[in-house]
Amino acid sequence: MRNKLVIIVFSGFLLVFGLGYIFNPQREFSEMENHYLSIRPDFTWKSYLKGEFTTDFDSYTADQILGKDWFVKSNVALNRAVGISEINQVFIGKDGYLIQDYQKPGDQLQKNLEYIRAFAEENPDVPMTMLLAPNASEIYPEKLPALAETYSQETVIGQAEEVLSGSAEVVDPTKILKQHKTESIYYKTDHHWTTLGAYYAYEELCDNLSLKPVPYEQYNQTVLEPFYGSLYSKAPVFDQEADQVNLLTNPSGTYTVEYEEEARSSDTMYDMSYAERKDKYAVFFGGNYPVARIKSNGVNTEKVLIIKDSYANSLVPFLADQYREIHMLDLRYYHESVSEYIRENGIERVIFINNVDFISTDNNFLWL
Numbered sequence: 008m009r010n011k012l013v014i015i016v017f018s019g020f021l022l023v024f025g026l027g028y029i030f031n032p033q034r035e036f037s038e039m040e041n042h043y044l045s046i047r048p049d050f051t052w053k054s055y056l057k058g059e060f061t062t063d064f065d066s067y068t069a070d071q072i073l074g075k076d077w078f079v080k081s082n083v084a085l086n087r088a089v090g091i092s093e094i095n096q097v098f099i100g101k102d103g104y105l106i107q108d109y110q111k112p113g114d115q116l117q118k119n120l121e122y123i124r125a126f127a128e129e130n131p132d133v134p135m136t137m138l139l140a141p142n143a144s145e146i147y148p149e150k151l152p153a154l155a156e157t158y159s160q161e162t163v164i165g166q167a168e169e170v171l172s173g174s175a176e177v178v179d180p181t182k183i184l185k186q187h188k189t190e191s192i193y194y195k196t197d198h199h200w201t202t203l204g205a206y207y208a209y210e211e212l213c214d215n216l217s218l219k220p221v222p223y224e225q226y227n228q229t230v231l232e233p234f235y236g237s238l239y240s241k242a243p244v245f246d247q248e249a250d251q252v253n254l255l256t257n258p259s260g261t262y263t264v265e266y267e268e269e270a271r272s273s274d275t276m277y278d279m280s281y282a283e284r285k286d287k288y289a290v291f292f293g294g295n296y297p298v299a300r301i302k303s304n305g306v307n308t309e310k311v312l313i314i315k316d317s318y319a320n321s322l323v324p325f326l327a328d329q330y331r332e333i334h335m336l337d338l339r340y341y342h343e344s345v346s347e348y349i350r351e352n353g354i355e356r357v358i359f360i361n362n363v364d365f366i367s368t369d370n371n372f373l374w375l
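Position 244 (the sequence shown) corresponds to 251 in this note's numbering; numbering is contiguous.
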């Protein structure tokens, strides 16, 4: 009798999920996981004999299984139930925080700092500043699960100060961020800082550059919610509290943003097409581009080049109220001579805006 029951249950399982593959519409994109899914491959004898069809079909069955989102969340819940608190390099922290792991960097950090130093020495007449943003693990160690350990990011920032001494001024916003840690300065579900966290870093940068920051209260605020960010995509928790994205707009500011690769321009730094999508952080400039230029009614006429990662996207809108012309380069996508770009565009100042994890691991600083 028991064997018959097992057979019936197993057959029912195969029937339900088999019919799911047949009748359930294929999804091209998983909002929860924030990536594109494999779709049903077309069969050809050539692809079958080369093994490509089997590989593609395996990916298809894994991505298109009925109830996949529920299974992914259930896997996270099962790991938590047996005491596993780190999933896909994301800690399931306290008070609803998902926190990106950060361990002692390898040789790439030193290489990147040396690339930056050489770049600064190649352009001695252009003052250079580097804002290094700590990640949430540095600001909220008390939110990490029991026994979780991460590497000190202040040590990394200290290393940057030592290597770049005399070449570039390093701005460390860690202190001001820790002073405001009771406020919402990092997302709970995403690896970025919030708009408020970016504002405090902007204040620290203004202090270093002898600029007067626009008061926070002067901005109009728009709230986008719910937001489930990149860390939630890696470790989706059933009862996860959603974040919100705050957009700040200076009512007296005017802007023109030019996206060179797409040959288009906009009068706003916010791409509201992302307001109803999962990846709401991409509302800042619509994501990352090789080259983007901002012209504004800022009071400072100095032409500034910002070499950036995505942490800069929520900070640069504040700088646009300071500088009349800002150029942004993302070395992940821009692989031409940056020194030549400086000369051709009359750049008078360079500001690096990167987070600690990025400068520790990214291998694109060689393009400087």
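Idealized CB from N, CA, C, for every residue including glycine. Just so it is clear, the structure is predicted and the values come from calculations on it, not from any experiment.
Apply the 10 Å Cβ neighbour rule to Q247 and answer buried if 16 or more other Cβ atoms are within range, or exposed otherwise.
buried
What are the partner residues of R87, as DSSP defines its beta bridges?
Beta-bridge pairing links R87 to no other residue.
Can you tell me the Cβ-Cβ gap for I366 and L139, rounded? I've got them flagged as a contact below 8 Å.
7 Å
Quick one, which of I91, V290, Y340, M335 has its alpha-carbon nearest L151's?
I91
Output yes or no for whether 8 Å exceeds the beta carbon distance between V97 and K315.
Against a cut-off of 8 Å, the Cβ pair of K315 and V97 comes out as no contact.
Quick one: residues in its chain with C-beta nearer than 6 Å to the C-beta of S259, no 5 flanking neighbours on either side, listed in chain order?
none
Report the CB separation of I354 from L322 in whole angstroms; it is logged as a contact under 8 Å.
Not a contact, Cβ separation roughly 19 Å.
Using the three-state DSSP reduction, which class does T1 fall into: helix, strand or coil?
Residue 1 lies beyond the residue range present for the chain, which begins at 8 and ends at 375; the question has no answer from this structure.
Is it buried or exposed for D102, if we count other Cβ within 10 angstroms and need 16 for buried?
exposed
Are the CB atoms of T201 and N253 nearer to each other than 8 Å?
yes
Using DSSP with H/G/I as helix, E/B as strand and the rest coil, what is V133?
coil
Report the rounded CA-to-CA distance for T368 versus Q110, giving the unit in angstroms.
11 Å
Taking the alpha-carbon positions, what's the L216 to R331 distance?
15 Å
What's the call for L373, buried or exposed, on a 16-neighbour Cβ count within 10 Å?
exposed
Measuring alpha carbon to alpha carbon, tell me which of H199, A175, Q166, D108 ends up nearest E128.
Measuring from the Cα of E128, the nearest candidate turns out to be A175.
Taking the alpha-carbon positions, what's the L189 to E232 distance?
It is Thr, not Leu, that sits at residue 189 in the sequence shown. The straight-line gap from Cα to Cα measures roughly 21 Å.
CA-CA distance, E145 and L105?
13 Å
Tell me the DSSP secondary structure of D278 in three-state form.
coil
Please go through the stretch 85-125 and give each complete alpha helix (DSSP H) segment of 4 or more residues, from N-terminal end onward.
none
Three or more C-beta pairs closer than 8 Å, one from the stretch 112-121 and one from the stretch 163-172: is that the case here?
yes
Given a cut-off of 8 Å, decide if N371 and Y318 are closer than it, judged by their beta-carbon atoms.
no
Of all the options V230, L312, D364, which has the alpha carbon lying nearest to the alpha carbon of E283?
V230
Quick one: grab the DSSP three-state call for Q329.
coil
Specify the secondary structure class of Y318 as computed by DSSP and reduced to three states.
Helix at Y318.
What's the call for V306, buried or exposed, on a 16-neighbour Cβ count within 10 Å?
exposed
So if DSSP puts Y262 in a beta bridge, which residue, or which two residues, is it bridged to?
S303
Between T181 and P243, which are expected to be in contact by the criterion C-beta below 8 Å, what is the C-beta distance as a whole number of angstroms?
Not confirmed; about 30 Å, so no contact.
Taking 8 Å as the threshold (C-beta atoms), are I301 and A270 in contact?
no
Please check the pair T379 and I358, which I expect to be a contact at CB under 8 Å, by giving their CB distance rounded to whole angstroms.
With the chain covering only 8 through 375, there is no way to say anything about residue 379.
So E232 is in the beta strand (DSSP E); what residue range does that whole segment cover?
227-234
Here's a check: name, in chain order, each residue in its chain whose Cβ is nearer than 8 Å to the Cβ of S272, leaving out the five neighbours to either side.
T263, V264, E265, Y266
Restricting to Cα atoms, I'd like to know which of V298, Q115, K285 is closest to Y380.
No answer is possible for residue 380: the residues shown for the chain start at 8 and end at 375.
So does E129 have its beta carbon nearer than 7 Å to some heavy atom of the ligand ADP?
The ligand content of the structure shown is nil, which means the ligand ADP is not present either.
Which whole-angstrom value is the C-beta distance of L339 and V311, which I expect to be below 8 Å?
Looking at the sequence itself, residue 339 is Arg, so the reference to Leu does not match. Not really, about 20 Å apart at Cβ, beyond 8 Å.
Let me know if D274 comes out buried or exposed under the rule of 16 or more other beta-carbons within 10 Å of its beta-carbon.
exposed
Determine, using beta carbons only, whether R124 and V170 come nearer to each other than 8 Å.
yes
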